[in-house]
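In what follows, a structure is listed as structure tokens, so that the remarks can point back to it.
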Amino acid sequence: MPVSNPRALMLQGVGSDVGKSLLTAGLCRAYARRGLAVRPFKPQNMSNNAAVTADGGEIGRAQALQARASGVAPSVHMNPVLLKPTSEVGAQVVVRGAVESNADARAYHALKPKLLPRVLESFELLKKEADLVLVEGAGSSSEVNLRRFDIANMGFAEASQTPVVLIGDIARGGVIASIVGTHALLSEADRAMIRGSIVGAHALMSQPERTLTRGYVINKFRGDPALFAEAEKIMTARTGFPSFGLVPFFAPARLLPKEDAMSLDKEPRALDKEPRALDKETRSASGGAIKIAVPRLSRIANFDDLDPLEAEDDVELQWVEAGDPLPGDAHVVLIPGAKATLPDMRFLCAHGWDVDIHAHARRGGVVVGLCGGYQLLGRKISDPDGAEGPPGSVPGLGLLDVETVIGGGKTLESAQGADTVFGETVKGYEIHQGLTEGPDRTRPWFTLDDGRSEGAMSKNGLIMGGYLHGVFAADGFRHAFLNAIRGGRLQGAAYEARIEETLDALADHLEKHLDLDRLLEAAA
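With our numbering applied, the sequence shown covers 67 to 590.
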């Protein structure tokens, strides 16, 4: 049913990875709990972490989480343009959930004016069913060199007449310069779109009642807020933008699905984690922790598949960076998804990880491959038509007797069924190009409800791979998988319930530290 007076507000960062996705998700949940029909929207996203919508399209994983926070099913209109990097300068262009082309940076820049009308159309469709659309910008709003054809930040805000709130990340350093510098770089017309920023509710409360003001939000603050008051005065004096609030660091954010691979480059993880009854180092020393080693591939994709495993108290999930060997004491080597499989097979071998994985398998260790990782486990990967890059083929790890040919249409669909080892229910989604076949496919990892077999397993059952993303989010399957490794000790985390609890906690956090009433007034 159409909404009579829909409003929208856009959150733009003064830099990349400042927490826009997390803040948007928290605000979606907070306003939805107030009874508003909320929809998330991101005009353009760049991420290999994608989710499949009910209508068979793909959008950024962050928008799927934001839809969940809003209490609605994800739609391709929530992220009409998704760029999935395939090289340092090129990306797959996904428009409204379907792949339209591959383009390098220059070609895509020229394409954006043609995409803007479709972006605006998706935005208007969402507005018809929402009281409030929360729009997430991309990267930095101060990239004025890209402003001419911009569809992700101020270009979209101007075209849609959507008010903007700036987001600054104090944890990255230089937040005063970021806010002031953004103000200095923007044109007067773009500055006029800004309603405020998030850095301290007390600054906003000093403004006249019901006056729309410019401003910003400062995110990930640690320490005494009183010590930041002078900084707020300086930023407001230099820009005229008052603060909507100062948001303290939210440690439970680690439990939510990650937006993109930049989130793997965080500050030391010990700072992100709340104390537990028994830390993982202690468990590891006592032989109690399950160690899962994950090689960080160059084009890693959909790595939120691993979040449910990392959420387990007695699982030590270790990301292995390029140049470092895979740990010899790992119980499991898990090879995640990859956007460009052939280059990542070469990357894996260049760093000696193929040798480490074979040694792990010879010692009787478990090896799991998910999507692109599944393709790497086979004897050979071929891309005859250059679907992911230059045409060619490379030998795989040879741990599964299968071969993959990349090409043809892209598989985008939700699926559910059961695993063939424990009989536990699983559900997830497929998002891949290519077909994998071979003798080990007669031992599938999963059987799906539509009768298809999915994935493959080795004869000894220790090597397994499949295209189904999200399977470890199924508590029963995850517990059974880990229980088989930990020898009977079952200490599971109810992952799906934890996601909901974390979203509610995030909404509570924002209710406490932001003036959500005045923030809502800024929407138009």
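No residue lacks a Cβ here, since even glycine has one placed at the ideal position from N, Cα and C.
Check	Outcome
Given A204 as reference, the closest of V246, K405, D256 and N219 once Cα atoms are compared	N219
D467 versus E454, S524, T477 and Q499, residue with shortest Cα-Cα distance	S524
Beta-ladder partner(s) of P361, from DSSP	V386
Nearest residue (CA-CA) to T90, options L75, E503, G239 and Q499	L75
Start-end ranges of the beta strand (DSSP E) lying completely within the segment 180 to 205, minimum 3 residues	198 to 202
Any beta strand (DSSP E) of 3 or more consecutive residues that is wholly inside the segment 446 to 518	446 to 449, 458 to 461, 469 to 485, 491 to 503 and 512 to 514
Inter-residue CB distance, V231 and M301 (contact presumed, cutoff 8 angstroms)	About 14 angstroms separates the two Cβ atoms, so there is no contact after all.
Burial state of N526, where buried means 16 or more other Cβ atoms lie within 10 Å	exposed
N- and C-terminal bounds of the alpha helix (DSSP H) containing I565	Y561 to H579
Inter-residue Cα distance where the pair is V159 and A173	11 angstroms
Extent of the continuous beta strand (DSSP E) to which L131 belongs	First-last for L131: R127 to S136, but that is the alpha helix (DSSP H), not the beta strand (DSSP E).
Of the residues I401, D371, R73 and G462, the one placed nearest A540, counting alpha carbons only	D371
For Q441, the three-state DSSP class (helix, strand or coil)	helix
Run of the beta strand (DSSP E) containing P314, from where it starts to where it stops	S309 to P314
Residue(s) in a DSSP beta bridge with E124	V118
Cβ separation of L408 and P361, assumed to be a contact under 8 angstroms, to the nearest whole Å	That belief does not hold up - the Cβ atoms of L408 and P361 are roughly 16 angstroms apart, past 8 angstroms.
Local conformation of V160 per DSSP, three classes	strand
Nearest-angstrom beta carbon gap, L375 and R214 [assumed within contact, 8 angstroms]	Not a contact, Cβ separation roughly 44 angstroms.
Chain-order list of residues whose beta-carbon lies under 7 angstroms from that of G137 (same chain, five-residue window excluded)	A98
Check whether I529 and L465 have beta carbons under 7 angstroms apart	yes
Where K150 sits in the DSSP three-state scheme	strand
Identity of the residue in G474, G475, D515 and V185 nearest G489 by Cα	D515
Counted within 10 angstroms of its Cβ, other Cβ atoms place G531 as buried (16 or more) or exposed	buried
Euclidean distance between Cα positions of L198 and A243	31 angstroms
Backbone CA spacing between A164 and A522 [nearest angstrom]	28 angstroms
Proximal residues to Q132 (C-beta, below 6 angstroms), its chain only, five neighbours per side dropped	T90, A91, C94 and P106
Distance between beta carbons of P109 and I125, contact taken as under 8 angstroms	With a Cβ gap of about 12 angstroms, I125 and P109 do not count as contacting.
Rounded separation between T491 and A237 - CA only	41 angstroms
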